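Sequence lines, in order, name chains A, B, C and D. With the numbering used here, the residue at position 14 of the first sequence is 168, and numbering never jumps. With the numbering used here, the residue at position 44 of the second sequence is 198, and numbering never jumps. With the numbering used here, the residue at position 86 of the third sequence is 240, and numbering never jumps. With the numbering used here, the residue at position 1 of the fourth sequence is 155, and numbering never jumps. Glycine is no exception: its CB is placed at the ideal position from the N, C-alpha and C atoms. Every value quoted in this text rests on a predicted model; they were computed, and no experiment measured them. Okay, structure first, notes after.
4 protein chains.
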Amino acid sequence: MKVHADLCLIPLGVGVSVGTYIAECQRVLDEAGLEYRLHAYGTNIEGDWDRVMAAVKRCHERVHAMGAPRISTSLKLGTRTDRAQSLQDKIDSVQRKLNGNNKQETV
Amino acid sequence: MKVHADLCLIPLGVGVSVGTYIAECQRVLDEAGLEYRLHAYGTNIEGDWDRVMAAVKRCHERVHAMGAPRISTSLKLGTRTDRAQSLQDKIDSVQRKLNGNNKQETV
Amino acid sequence: MKVHADLCLIPLGVGVSVGTYIAECQRVLDEAGLEYRLHAYGTNIEGDWDRVMAAVKRCHERVHAMGAPRISTSLKLGTRTDRAQSLQDKIDSVQRKLNGNNKQETV
Amino acid sequence: MKVHADLCLIPLGVGVSVGTYIAECQRVLDEAGLEYRLHAYGTNIEGDWDRVMAAVKRCHERVHAMGAPRISTSLKLGTRTDRAQSLQDKIDSVQRKLNGNNKQETV
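Structure below.
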């Protein structure tokens with residue numbers, strides 16, 4: 155089963171600057187060979203369910219190992235059986251709708 | 155690694171009434187022998203990380219098998235290395251803070 | 155417009171124990187006269203959209219005033235135009251589905 | 155109060171293809187004059203708290219007006235009092251951490 159995920163991990167008890175921990179999670183995703191893209195409030199991830207979930211677990215393990223005593227993660231998980239769709243397909247689909255309607259509006 | 159999770163699964167393409175699908179997820183959690191508690195916008199779950207995650211995957215599989223072509227899940231995941239804490243402990247902790255302050259205010 | 159919300163506010167830069175801040179948010183909701191119910195990973199809130207949102211903003215203001223330099227909140231917002239539904243109705247709806255199926259299974 | 159938000163709105167009861175509704179929300183954000191950036195599982199938004207929240211409400215109103223009887227939104231809200239930070243700053247901060255550590259590793 156393929157999944158589109160959005161991962162937002164928040165380490166607690168390590169102060170307000172969490173960039174070092176997020177960067178480590180990017181490395182975990184990279185090592186896992188997953189497709190991912192950082193945005194300003196999380197990271198989009200695409201891949202096989204089990205591999206994505208193994209990477210999320212590894213992120214928690216690594217961030218704890220770095221010294222964070224507590225973590226609160228918000229994870230979105232999208233699956234579909236009707237058709238294959240990449241992360242970029244989802245963005246393109248919205249863009250097409252925007253362009254299509256704008257065209258109609260100018261006609 | 156133990157985890158506190160909050161699962162909110164939304165089936166798409168099956169109309170506005172999603173109670174049947176949520177009920178099926180409760181059965182999955184029950185079969186998995188996990189501690190869980192339904193609230194009005196999701197379900198608190200407590201247990202070993204791998205067992206909780208296996209149950210979440212099974213929820214997606216079952217809800218797809220029931221006919222939902224698309225699912226979007228929002229999952230919160232809390233882990234901590236500093237101390238053990240149950241779901242009820244978290245609620246009790248806030249209640250104690252509330253009662254403590256109220257007491258001080260009336261003194 | 156009426157909304158069902160689920161509020162999970164995380165103060166950063168104040169250590170691992172966040173119960174005091176969550177308790178303060180319960181007071182804000184109480185002062186606002188909103189229906190709410192604490193669970194182990196957030197708080198269900200029910201009420202008029204503008205009043206709920208004003209309370210969420212006030213939670214951020216108060217928690218910052220208590221000394222938290224950074225807050226990350228996860229908020230779910232459910233609205234519907236087809237029918238009125240209370241927080242308890244949502245829970246009851248799932249419970250009925252569970253009981254209904256269990257009854258069929260024992261027949 | 156300035157906020158960094160991440161908006162993921164899911165219309166229910168309108169089938170599996172939701173791109174048209176998401177595109178309409180992009181227009182709402184555009185009309186509101188807010189900074190925003192679509193990603194594959196939501197939209198980053200940056201701006202004054204009240205203006206961002208007014209736009210989120212307008213998204214719900216518009217999507218209902220387009221025919222969706224039910225909406226479930228997941229909204230992240232980040233505020234901080236210690237310093238100003240743009241959406242791009244957050245991404246740059248993680249990138250710097252990644253580059254910095256990689257450099258150290260190759261040394």
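Cβ neighbour criterion (16 or more within 10 Å) applied to residue i
i	result
serine 228(B)	buried
glycine 232(B)	buried
arginine 234(C)	buried
serine 226(D)	buried
aspartate 160(C)	buried
alanine 209(B)	buried
Nonlocal neighbours in the same chain, by C-beta distance under 7 Å from residue i, ignoring five residues either side
i	result
glutamate 215(B)	none
glycine 167(D)	Ala222, Pro223 and Arg224
tyrosine 190(B)	Leu183, Thr197, Asn198 and Ile199
valine 261(B)	With a pLDDT of only 41 at valine 261(B), under 50, the local geometry of the prediction cannot be trusted, and the value read off the model is given with reservation. Nothing meets the Cβ criterion.
glycine 254(B)	none
valine 240(D)	It should be pointed out that residue 240(D) corresponds to serine in this sequence rather than to valine. Here the set comprises Glu200.
lysine 257(A)	Note that lysine 257(A) has pLDDT 49, beneath the 50 cutoff, so the model's placement of it is unreliable and no number is given.
Partner residues on chain A for residue i, Cβ-Cβ distance less than 8 Å
i	result
serine 226(B)	Lys230, Leu231 and Gly232
Same chain, Cβ closer than 8 Å to residue i, five either side skipped, listed in chain order
i	result
glutamate 178(B)	Cys213, Arg216, Val217 and Met220
cysteine 162(A)	Tyr195, Gly196, Thr197, Thr227, Ser228 and Leu229
methionine 155(A)	Asp202, Trp203 and Thr233
alanine 238(C)	Lys156
Integer Cβ distance of residue i from residue j, believed to fall under 8 Å
i	j	result
valine 206(D)	leucine 188(D)	6 Å
tyrosine 195(B)	lysine 251(C)	At roughly 17 Å, the Cβ-Cβ gap does not stay under 8 Å, so tyrosine 195(B) and lysine 251(C) are not in contact.
valine 157(A)	glycine 201(A)	7 Å
glutamine 249(A)	valine 248(D)	Glutamine 249(A) to valine 248(D), Cβ: 25 Å. No contact.
lysine 244(C)	tryptophan 203(D)	No, lysine 244(C) and tryptophan 203(D) are not in contact; Cβ-Cβ is about 28 Å, not under 8 Å.
valine 101(A)	aspartate 236(D)	The shown model of chain A, from 155 to 261, leaves out residue 101(A), and the question about it has no answer.
Partner residues on chain D for residue i, Cβ-Cβ distance less than 7 Å
i	result
glycine 167(A)	Going along chain D, no residue has its Cβ under 7 Å from glycine 167(A), so there is no contact; the nearest lies around 17 Å.
leucine 252(A)	Ala177 and Gln180
6 Å Cβ shell around residue i - same chain, five flanking residues per side excluded
i	result
tyrosine 175(D)	Pro165 and Val217
glutamate 185(D)	none
glutamine 242(B)	none
Chain-ordered chain A contacts of residue i [CB-CB under 7 Å]
i	result
threonine 235(B)	His218 and Pro223
Interface residues of chain A facing residue i [CB-CB closer than 9 Å]
i	result
lysine 156(B)	Near lysine 156(B) there are no residues of chain A at all, since even the closest Cβ is about 11 Å away, more than 9 Å.
histidine 116(B)	With chain B represented from 155 up to 261, any question about residue 116(B) goes unanswered, as that position is not in the structure.
valine 206(D)	Per Cβ cutoff of 9 Å: no residues; valine 206(D) is ~13 Å from chain A at best.
Boundaries of the alpha helix (DSSP H) in which residue i is found, first to last residue
i	result
glycine 173(A)	173-185
valine 206(C)	203-219
Delimiting residues of the beta strand (DSSP E) encompassing residue i
i	result
arginine 224(D)	224-234
alanine 159(A)	156-166
arginine 237(C)	Note, arginine 237(C): premise wrong, no beta strand (DSSP E); not H, not E.
tyrosine 190(C)	189-193
Chain C residues whose Cβ lies nearer than 7 Å to that of residue i
i	result
lysine 211(D)	Trp203
9 Å Cβ cut-off: residues of chain C touching residue i
i	result
isoleucine 164(A)	Ile164, Leu166 and Ser226
Per-residue contacts from residue i into chain D (C-beta, under 8 Å)
i	result
valine 170(B)	Leu166, Gly167, Pro223 and Arg224
Chain-ordered chain B contacts of residue i [CB-CB under 9 Å]
i	result
leucine 241(C)	His193, Ala194 and Tyr195
Closer than 8 Å at the beta carbon, the chain C residues around residue i
i	result
valine 248(B)	Gly173, Ile176, Ala177, Gln180 and Leu192
8 Å Cβ cutoff, residue i in contact with chain F
i	result
valine 157(D)	Of the protein chains in the structure, A, B, C and D, none is chain F.
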